[in-house]
Amino acid sequence: MRITLMILAVGSLLFCTACQADQSANTEETVEEVDLKTALQGTWQTFQINVAINTADGRDTFRTESLTEEVWEDVFKMEPPVYYFQPDQKYRLVHRNILGELVNQSRGMWNTFGDTLVLIEPKVTYQYEVKLANGRAAFRAFMDWDADGEEDDEYQGLQRQISISAEEEQ
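Note that our numbering has the sequence shown beginning at 1, numbered continuously upward.
See below:
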């Protein structure tokens with residue numbers, strides 16, 4: 001009797017495990033792979049930047065910073081930054097003041113590798129893990145935000161696609 005119950009319990013466990021494995025296999029098949037290179041083409045406006053800064057100010061402390069549209073406008077008198085990702089894999093990152101005047105612009109090449117976006121400029125290269133959903137993107141990376149010489153600050157830039165074109169309006 002005991003052996004029969006044990007065989008029945010092990011059999012039930014194996015059956016449940018097999019059903020779960022089969023269910024997860026079906027779920028994975030229905031998840032659609034996003035072609036990051038195609039999806040990023042166009043114009044993306046940064047609407048928020050969050051940074052978790054480790055060892056802030058050279059001390060063993062931790063601080064966070066959040067730059068929102070309101071902070072750019074009220075504190076810095078700037079519009080949120082805008083990325084232009086062209087189909088020929090060139091990009092621009094444009095910073096304008098609240099009057100719409102160009103303040104700063106970076107240019108470079110961009111490419112994707114799986115879920116990673118690589119931005120290459122003449123003197124620096126950036127790599128971001130990108131998550132896309134519903135016309136929004138999150139760019140994540142570790143970088144030296146506080147200029148302490150250590151790439152230990154976790155950066156997250158939140159973007160919204162504002163145009164499928166990468167042409168800047170004048």
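The beta-carbon is built from N, C-alpha and C at its ideal position, and this holds for glycine as well. Please read all numbers here as calculations on a predicted model, not as lab measurements.
Original post:
By how many angstroms is the C-alpha of Asp146 removed from the C-alpha of Gly157?
Top reply: So the two alpha carbons sit approximately 16 Å from each other.
Subject >> Own chain partners of Ile98 with C-beta closer than 8 Å, once the 5 adjacent residues on each side are dropped >> reply: Same-chain partners within the cutoff: Glu73, Lys77, Met78, Glu79.
Subject >> Whole-angstrom C-beta distance between Thr64 and Glu150, which should lie under 8 Å >> reply: For a cut-off of 8 Å, the C-beta gap from Glu150 to Thr64 is around 17 Å, too long to register as a contact.
Original post:
Shortest alpha-carbon distance to Ile164 belongs to which of Asp148, Phe85, Leu119?
Top reply: With distances taken between Cα atoms, Ile164 lies closest to Phe85.
**OP:** State buried or exposed for Thr125, treating a residue as buried only when at least 16 other CB atoms are found within 10 Å of its CB.
**Re:** Within 10 angstroms of the beta-carbon of Thr125 lie fewer than 16 other beta-carbons, which makes it exposed.
Original post:
DSSP on Trp72, reduced to helix/strand/coil?
Top reply: In the three-state DSSP reduction, Trp72 falls in the helix class (H, G or I).
**OP:** Could you pull out every residue in the same chain whose Cβ sits closer than 6 Å to the Cβ of Ile49, ignoring the five residues on either side in sequence?
**Re:** Closer than 6 Å at Cβ, skipping near neighbours: Leu67, Gly157.
**OP:** Compute the Euclidean distance between the alpha carbons of Leu132 and Leu119, then round it to the nearest angstrom.
**Re:** Straight through space, the alpha carbons of Leu119 and Leu132 are spaced by roughly 17 Å.
Original post:
In the structure shown, what three-state DSSP assignment does Thr38 receive?
Top reply: It is helical.
**OP:** Please report how far the alpha carbon of Gln127 lies from the alpha carbon of Val75, in whole angstroms.
**Re:** If you take the alpha carbons of Gln127 and Val75, they lie about 28 Å apart.
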